[in-house]
Amino acid sequence: MFKKDPLQIISFQTYGSSNHLYVRGRALEDESIDLEQKGVFKLLLNAWKSFETDEVKNAELIVKVGTDKFFYTTTDNKGYFLLDEKVENINSYANDEGWVKLEFSFKLEKLSRSIKSNNRFPGEMLIPSQKASFGVISDIDDTILHTGISSILKWRVLINTFLVSSGKRMPLEGAPEFYHLLHQGKNGDEANPIFYVSHSPWNLYRYLEFFLKKNNFPKGPIVLRNFPKPFSRKNKGEKPQKQKEILNILKAYPKMDFILIGDIGEHDPDIYLEIAEAYPNRISAIYLRSVNHKKKMLRVKSLYDQYKTTPVLLVENTNQAIEHAKKHHFIK
1 MFKKDPLQII
11 SFQTYGSSNH
21 LYVRGRALED
31 ESIDLEQKGV
41 FKLLLNAWKS
51 FETDEVKNAE
61 LIVKVGTDKF
71 FYTTTDNKGY
81 FLLDEKVENI
91 NSYANDEGWV
101 KLEFSFKLEK
111 LSRSIKSNNR
121 FPGEMLIPSQ
131 KASFGVISDI
141 DDTILHTGIS
151 SILKWRVLIN
161 TFLVSSGKRM
171 PLEGAPEFYH
181 LLHQGKNGDE
191 ANPIFYVSHS
201 PWNLYRYLEF
211 FLKKNNFPKG
221 PIVLRNFPKP
231 FSRKNKGEKP
241 QKQKEILNIL
251 KAYPKMDFIL
261 IGDIGEHDPD
271 IYLEIAEAYP
281 NRISAIYLRS
291 VNHKKKMLRV
301 KSLYDQYKTT
311 PVLLVENTNQ
321 AIEHAKKHHF
331 IK
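Going letter by letter, the sequence shown gives residues 1 to 332 in UniProt numbering.
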């Protein structure tokens, strides 16, 4: 008989408000994924483990906030869970940056399996600080992390995703420093929230969280996407999942203005332009990192040629973005 792996809960960094508790994550068997792993075979094995997960279906979970508030949720048939509740004064549990510490555990009555970490798994939810003067919504792929997403044959994406360890993945030059300046704001202590929104699937959450932490990016909620159902088709006129997630953030904080950061390689220019036109008074600036692709550069330039409502910068290097942000008084 094979020994079954112990169970664990992976919580995703989420965002909420003073009266809205919103947490999500996944219950899985522990596959012992080493994010610093080296060697082609071991990296491929890690990649396989990330996508061929042994999820814990229909498991009852307990979510603890502070020492006195308890909530309950259940995983779905892929091991994911979502707790979305109205709760008063959640912000009283937040630290100076707005992070609320959470603790997740399995409800033991229906489980006979071994559980990691003494059945105590940490998590966090962000409630933007009252000091914040704006929020930042940033793409990840080819905006702050080299992926090769704009590569015509996409071969660089496969190599970078599966054959380079998370510890070796390199951020685009100057990106962590720029994001810290935006987080600090023009007063230096604004704690402006940074939301990382990517088209990558939730299976890569741990890789991206590790990359952001290792490369000293400001901590922020990470929003990824679910895999589409097999043979499913988009309804005509349906917005991309990434666009829906950005709109959800805007709706969650109706009094907050935002800076949008992406790249010109995929759909960011079109998504950001549509959002800026729908919310002209709430998008303070759009930064789009250039890629080495002449045709795409020309398309984006023509797309924004007549658009004058919001400052837009096609970023060739991070120093350009820093100077632009100083000029517009986003940073000091």
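For every residue, glycine included, the Cβ atom is placed at its ideal position computed from N, Cα and C.
Computed from a predicted structure; not experimentally measured.
Residue interval of the beta strand (DSSP E) (run including residue i)
i, result
"residue 322", "Looking at the DSSP string, residue 322 is not in any beta strand (DSSP E); the run it does join, the alpha helix (DSSP H), is 318-327."
"residue 60", "60-65"
"residue 224", "222-225"
"residue 136", "135-138"
"residue 312", "312-315"
"residue 103", "99-106"
"residue 288", "283-289"
"residue 264", "Neither: residue 264 is in no beta strand (DSSP E) and is coded neither H nor E."
Where residue i sits in the DSSP three-state scheme
i, result
"residue 217", "coil"
"residue 252", "helix"
"residue 24", "strand"
"residue 330", "coil"
"residue 8", "strand"
"residue 244", "helix"
"residue 76", "coil"
"residue 15", "strand"
"residue 201", "strand"
"residue 269", "helix"
"residue 148", "Residue placement at residue 148 is flagged as unreliable, the pLDDT there being 47, under the threshold of 50; the coordinate-derived value follows with that caveat. Correct three-state label for residue 148: coil."
"residue 113", "coil"
"residue 70", "strand"
"residue 232", "Because the pLDDT of residue 232 is 48, which lies under 50, any placement of that residue in the model is unreliable, and the number read from its coordinates should be weighed accordingly. Three-state DSSP puts residue 232 in coil, outside helix and strand."
"residue 94", "strand"
"residue 212", "helix"
"residue 132", "coil"
"residue 124", "strand"
"residue 156", "Note that residue 156 scores a pLDDT of 42, beneath 50, so its modelled location is shaky and nothing firm can be said."
"residue 190", "coil"
"residue 85", "strand"
Residue j beta carbon less than 8 Å from that of residue i
i, j, result
"residue 12", "residue 304", "no"
"residue 246", "residue 197", "yes"
"residue 23", "residue 87", "no"
"residue 194", "residue 138", "yes"
"residue 325", "residue 181", "yes"
"residue 71", "residue 257", "no"
"residue 106", "residue 123", "no"
"residue 15", "residue 126", "yes"
Below-8 Å beta-carbon distance, residue i vs any chain C residue
i, result
"residue 129", "Reference to chain C is not applicable here, since this structure consists of a single protein chain."
Boundaries (first-last residue) of the alpha helix (DSSP H) holding residue i
i, result
"residue 300", "294-303"
"residue 177", "175-184"
Of the residues the options, the one placed nearest residue i, counting alpha carbons only
i, options, result
"residue 4", "18, 25, 56 and 26", "56"
"residue 262", "294, 314 and 308", "314"
"residue 239", "272, 97, 210 and 284", "272"
"residue 345", "61, 199 and 98", "Residue numbering for the chain in the displayed model covers 1 to 332; residue 345 lies beyond these limits and cannot be assessed."
"residue 332", "179, 103 and 260", "179"
"residue 199", "266, 258, 189 and 192", "266"
"residue 25", "59, 19 and 18", "59"
"residue 172", "243, 101, 319 and 282", "319"
Does the pairing of the segment 211-230 with the segment 273-284 give three or more beta-carbon distances under 8 Å? no
Is there contact between the segment 109-123 and the segment 206-221, where contact requires at least three CB pairs shorter than 8 Å? no
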